[in-house]
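Residue numbers (our numbering), protein chains in the order written: chain A, 20 to 615; chain B, 20 to 615.
All residues carry an ideal CB built from backbone N, CA and C; glycine is no exception.
See structure below.
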């Protein structure tokens, strides 16, 4: 690892500007504020251009870099873009904000809630989001996962078109408001994960190639050439990314990172960039990875060549559950229609551990036996699984309340770490659409037609909403009023009880090796020591007679019959579920909470 | 792994033809011999087309596959192409040849000789090559490594343009003569490694894409799109390659494989194809890999995610030695001009274990401490390092005899496994040119101009020989008469003594952790328990006075002075070297053999 710092920072009573541009012949600093000036820069052996200026940290410093005396571009390491992605970069004095609260202690089996700041509240700012934190705390959330905030073109974006990886987008507030939000989370004992994108850079405002070979033609990604982690000059690009890792931990006091689509990060180096990232993060927080590879090496922390991530999103789990509840079987869902997938995923996390996938037309995945249970993060919806549908439908919209609650219980009662998507805990049925706000007409058109092409084979019929419109964004904002209504309350209470119950029995429930799962007579039954969880997989009644005495810890769509002290028959209505505790000899009071 | 057999083989008293062509709508067998006929084939779910015919295994069966009732192509799994790469494929009855001799027992620290069948002898056949095996045995070679024999276009080729991976090229003889050659090797206790190319397919006669997506645009190699190991339909391509691995072991009784350029094998699958290959090979023989990655994971057999190769070519060692002896510092040699590289490589194998390479403009490699010493194969020349020079110069041609012998000693006396390139053991100074014989004019032109471009920045001045001419091939054939002359005899004797000496002390010399290497006063000194090896790194005299009594085990360009029983002063002439054994108290007879 070559370790150097780039960007604009305060050092030895001066403001230092340092830029990686190894193949440029001339680079100058164009200062716009506090004075307008062109300042020459000097290059060193590593390809770093530098100048230092006598400025105060309290100055409003705005600047761009001028290449070969001609074109000017913002700083790839810009900490803030007050006038958008094409405007000047701004110096940020990170020492100014003092964090008051310590990060909460990290649990292994965790509850995450994924949120998008822009649609989490009406105003869509960090400041406004603070007001909802008490709600998350009450629900039992350990960590929130913020969709990427890196500055993007336009006033709304999912975040995956970010172009300034060190700059929170101005639409969410300023740097200070993001820090205050994180501090407030910590105050409430909630950790913060930040989604970061190290596999591609957004299409508008991306001037990286003006400075250095940030991309390589060696590998192809869905977004074009891959980020250059192992080709000529990759030392600078690797350092850029590793500096970004340190940046969020050190300056924003975050609890961890979520790495976007690591299957599109290609690296043949002796040290894989993901290992570099997890090595740095090890002492600072956690790393959650999204991967399309079903490769347990990603979350292996015990073995030399493991990549050391702490958690991995487990798409297979989602797909198996989604197929059961919606009956969909197009596109990638074709691989998950067999209900045995539920059993597989409840143990292995992955459904595919090396077997043939008809959708992928290849063998897929590997074994997970050596991996601790908690490293799999399961969910029954997330921004992708919702937003990558034509109409951004949440599960509840394409199934119903019973099935949405079944999904919640099936997910939370799994042995794995759990992630919820904002709003599902109060039965939100507004869509979470795909939205962008590029200014370039060709790009707007390309996004829309790409979207049309994407869904041509996935979902039939109906018009595809234009992701460029403001409406699809507005429509995606949470409707917090639902929380006050009957349905919202009922959902919230059940979610809260489920999370609380899981946490209470985490030592048993959170160890997949202690659990025995099987499907019989359309019932999914998971037993773990004294606890039995039963799910009705069908849109119809199912009865069961346990051969032991039990207390009911929690249920939905369930009725019990038989004598109270010897109640034996459990009747599960459509998609009903029940959590039983084997009764010991002493007398318990009746714990049953049914949500139906 | 999906396990299936393709190609033309005998089964249940019929000749079976089976072909992987999952996206073709119609495939027929065109039989040319013993009768001319078009036979329909049926496709199964996996995309395998099949037909079985009542033919005798003694029939001369010639065939092609007809796609969509129109174009006809040879079998990707053809075992022989009697009329060249565009002609029909031939059935081969592999049970006909009975191997008489068992494979020699495998040693860990090995001596390999790389040979190219076409230039190893005047006739360039397996049959003719047999006559030189006694010579290799006498030299002390454990294994020969045959450059690829897969059928290629034209009558001469290095082998890396092979297009039928299961068919020995007809220019070297028939299948039987190859098997007899291998059997003869085994008779003499010599093992056989076969160089196989799983990273690209040659440009002429390559009809693979007519059948299935053998290539993927996900990854780019120097030869274009990479072989498809992890994209749609990769299960068929993986099986094609794994079947090839089994094929050579099972039908040709080889001792191991040499995998060409594994850095251009890209695979994100849960099981890396190289691990699949080494898993299969584990019970059958060994795997030597060529890699440009300096990634010790490749030769890690102890840890889960290790790729399990037994050996790896160690280019860094070559480069460090080459720089010392030739003073060259262009292109990749620029990274190896520091003599400390010799020290690094003598311990780590790799010179770059993570540090910055100016040539590559990136950090390169990783640590090798956990890897057994013998897994590094070192050499002071090989087909690439010679042939990828403009004039195909061997080391002796660009240095001199003293330096060539220094290189031999430095290589053989290293702790590592050793590979020689055919002819170096008798001081061959003929070039080993790059040669091809494509029939297509555009391809001939492209090869020549590619060659010109390649050397534009590597070597200055002079004309670049046209690799398409027969002369560059003829010129590359070994001149075995040299072995009978003084220089040849002297070289051979020294090589033989060096190998014998290394083998005799392999427990000490072959363990890098027992050896202490340093450079002082232009002398490279390697000490291992009682043995001290001293190399004069300079074109000038160097004296040394060991502080112990010793026997001289071997030397070159060295004179000794002082009383015989107390000889103290060793005078090393230019590039001289000496191997000393610390004298114990008892009296030894004088072992010294000086080759100067």
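- By the Cβ rule, the segment 327 to 338 of chain A counts as touching the segment 381 to 401 of chain A, because three or more pairs are nearer than 8 Å.
- Of all alpha-carbon atoms in 342/A, 482/A, 375/A, 347/A, the one lying nearest the alpha-carbon of residue 313/A is that of 375/A.
- Under the Cβ distance rule, residue 313/A counts among the residues neighbouring chain B, one pair being separated by less than 8 Å.
- A direct Cα-Cα distance of roughly 5 Å separates residue 183/A from residue 170/A.
- For residue 490/B, the uninterrupted alpha helix (DSSP H) run begins and ends at 489 to 493, by DSSP.
- In the DSSP assignment, residue 331/A forms a beta bridge with 308/A, 395/A.
- With a cutoff of 8 Å on beta-carbon distance, residue 246/A and residue 266/A are scored as not near each other.
- In the DSSP assignment, residue 459/B falls outside any alpha helix (DSSP H) and carries neither an H nor an E.
- Note on residue 87/B: under 16 other CB atoms within 10 angstroms of its CB, so exposed under the neighbour-count rule.
- Its chain contains 158, 427, 444 as the residues whose beta carbon lies nearer than 7 Å to that of residue 514/B, once the 5 sequence neighbours on both sides are disregarded; these appear in chain order.
- A distance of 8 Å or more separates the beta carbons of residue 549/B and residue 587/B.
- Nearest CB-CB separation between residue 380/B and chain A: below the 8 Å threshold.
- For residue 249/B, the nearest CB of chain A lies under 8 Å from its own CB, placing it at the interface with that chain.
- In the displayed model, residue 227/A falls within a helix according to three-state DSSP.
- When C-alpha distances from residue 216/B are compared across 231/B, 260/B, 243/B, 198/B, the shortest belongs to 260/B.
- Taking a C-beta distance under 8 Å as the contact criterion, residue 393/A and residue 128/A qualify as a contact pair.
- Residues are counted here when their Cβ sits less than 9 Å from a Cβ of chain A; for the segment 274 to 290 of chain B these are 282, 285, 287, 288, 289, 290, given in chain order.
- Rounded to whole angstroms, residue 141/A and residue 489/A show a C-alpha spacing of 13 Å.
- At least one C-beta of chain A is nearer than 8 Å to the C-beta of residue 325/B.
- Secondary structure at residue 145/B: helix, using DSSP grouped into helix, strand and coil.
- By the 16-neighbour rule on beta-carbons within 10 angstroms, residue 218/A is buried.
- With its beta carbon at least 8 Å from every one in chain A, residue 355/B lies outside the interface.
- Residue pairing by DSSP leaves residue 25/A without any beta bridge partner.
- Contacts between residue 253/B and chain A, judged by CB atoms closer than 7 Å, involve 381 in chain order.
- With respect to chain A, the C-beta atom of residue 366/B has no partner C-beta closer than 8 Å.
- If you check the CB distance, residue 435/B and residue 554/B do not come in under 8 Å.
- A Cβ-Cβ separation of about 6 Å places residue 425/A in contact with residue 596/A under the 8 Å criterion.
- Residue 214/B and residue 244/A have their alpha carbons spaced roughly 32 Å apart.
- Under the Cβ distance rule, residue 469/A does not count among the residues neighbouring chain B, no pair being separated by less than 8 Å.
- Nearest neighbour of residue 579/B by Cα position, chosen from 304/B, 615/B, 603/B, 535/B, turns out to be 615/B.
- Selection 80/B, 173/B, 89/B, 181/B evaluated against residue 166/B yields 181/B as nearest (Cα-Cα).
- In the displayed model, residue 526/B falls within a helix according to three-state DSSP.
- Ranked by Cα distance from residue 53/B, the options 121/B, 77/B, 473/B, 152/B are led by 77/B.
- For residue 419/A and residue 557/A, the gap between their C-alpha atoms comes out near 13 Å.
- In terms of beta-carbon proximity, residue 236/B lines the interface with chain A, with at least one pair separated by less than 8 Å.
- Within chain A, 324 have C-beta atoms less than 7 Å from the C-beta of residue 316/B, given in sequence order.
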